[in-house]
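K.L.:
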Amino acid sequence: DGGITQSPKYLFRKEGQNVTLSCEQNLNHDAMYWYRQDPGQGLRLIYYSQIVNDFQKGDIAEGYSVSREKKESFPLTVTSAQKNPTAFYLCASSGILAHSYEQYFGPGTRLTVT
Amino acid sequence: AQTVTQSQPEMSVQEAETVTLSCTYDTSESDYYLFWYKQPPSRQMILVIRQEAYKQQNATENRFSVNFQKAAKSFSLKISDSQLGDAAMYFCAYKSSGGGADGLTFGKGTHLIIQP
Chain A
257 DGGITQSPKY
267 LFRKEGQNVT
277 LSCEQNLNHD
287 AMYWYRQDPG
297 QGLRLIYYSQ
307 IVNDFQKGDI
317 AEGYSVSREK
327 KESFPLTVTS
337 AQKNPTAFYL
347 CASSGILAHS
357 YEQYFGPGTR
367 LTVT
Chain B
34 AQTVTQSQPE
44 MSVQEAETVT
54 LSCTYDTSES
64 DYYLFWYKQP
74 PSRQMILVIR
84 QEAYKQQNAT
94 ENRFSVNFQK
104 AAKSFSLKIS
114 DSQLGDAAMY
124 FCAYKSSGGG
134 ADGLTFGKGT
144 HLIIQP
């Protein structure tokens, strides 16, 4: 089955620790995205990548970092510089041509930092 | 920058009735895409329907249809014959048509309750 996987579903970390969230897709999509969702809020864009070894900051990139070494994978690192890291994180992918622009989402990772 | 506004934090409808969710957006672009996503309690984001701004015809997908008013920058979602499985958060989203990868701009969502 084609799709997007995110692991783990729940993640707990102590304040001051970096943590990496995994995102893998087998849809052969060129573009991948990371969003953050807080209670009562819509999704906000953290980073996106159109091609391997290239990525762009979104609206709330501070305190986060990403890499795109493979087309299928787009891990997100939440660093200790992120002031409010507790949130629900969603990964998405899409094509980059006009007929394939819909974004498909993974199941998400709930990160709790205490 | 584009903004998306959903003015109804919560809506309630009787099962089998019709409900309309509102969405307005602000943009200076003439070509773009609009989407409605559904997020049930599982929190999986599911694409419901999409609309290309250059198309005058309103999109429909089975019981879901949109009323796209480009001049008014309005993009409402109508759900006909509401079912219990339609209960979810619904998000309106905007995407520039500049080509390539581009993130979505989301509204804050409308919580839809279906009364049996």
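Residue numbers (this note's numbering), protein chains in the order written: chain A, 257 to 370; chain B, 34 to 149.
Built from N, CA and C at the ideal position, the CB exists for glycine as well.
#1: Using only the alpha-carbon positions, how far apart do residue 266 of chain A and residue 365 of chain A sit?
#2: Quick one: residues in its chain with C-beta nearer than 8 Å to the C-beta of residue 117 of chain B, no 5 flanking neighbours on either side, listed in chain order?
#3: Are the C-beta of residue 358 of chain A and some C-beta of chain B separated by less than 8 Å?
#4: Assuming residue 115 of chain B contacts residue 37 of chain B under a Cβ cut-off of 8 Å, what Cβ separation, rounded to an integer in Å, is found between them?
#5: Residues in the region 71-83 of chain B with C-beta within 9 Å of chain A's C-beta atoms, listed in sequence order?
#6: Identify the continuous beta strand (DSSP E) that holds residue 53 of chain B and give its terminal residues.
#7: Among A:259, A:260 and A:277, which one has its Cα closest to the Cα of residue 335 of chain A?
#8: Going residue by residue through the region 316-359 of chain A, where are the continuous beta strand (DSSP E) segments of at least 3 residues, counting only ones entirely within it?
#9: If you measure beta-carbon to beta-carbon, which residues of the region 121-149 of chain B are closer than 7 Å to chain A?
#10: Does the Cβ of residue 105 of chain B have 16 or more other Cβ atoms within 10 Å, making it buried, or fewer, making it exposed?
#11: Identify which residue in A:263, A:274, A:286 and A:370 has its Cα closest to the Cα of residue 325 of chain A.
P.N.:
Let me spell this out:
#1: Each residue's Cα considered, the two are about 6 Å apart.
#2: These residues qualify, in order along the chain: 48, 147 and 149.
#3: So yes, residue 358 of chain A belongs to the interface.
#4: Under the criterion of beta carbons closer than 8 Å, residue 115 of chain B and residue 37 of chain B do not qualify as touching, at roughly 23 Å.
#5: Listed in sequence order: 72, 75, 76, 77, 78, 79, 80 and 83.
#6: 52-54 is the extent of the beta strand (DSSP E) around residue 53 of chain B.
#7: When each option's Cα is compared against that of residue 335 of chain A, the closest is A:277.
#8: Those beta strand (DSSP E) runs which fall completely within the region 316-359 of chain A and span 3+ residues are 320-322, 332-334 and 343-350.
#9: Those residues of the region 121-149 of chain B placed with their C-beta closer than 7 Å to a C-beta in chain A are 124, 128, 133, 134, 136, 137, 139, 140, 141 and 142, ordered along the chain.
#10: With fewer than 16 Cβ atoms within 10 Å of its Cβ, residue 105 of chain B is classed as exposed.
#11: Of the candidates A:263, A:274, A:286 and A:370, the one whose C-alpha sits nearest the C-alpha of residue 325 of chain A is A:286.
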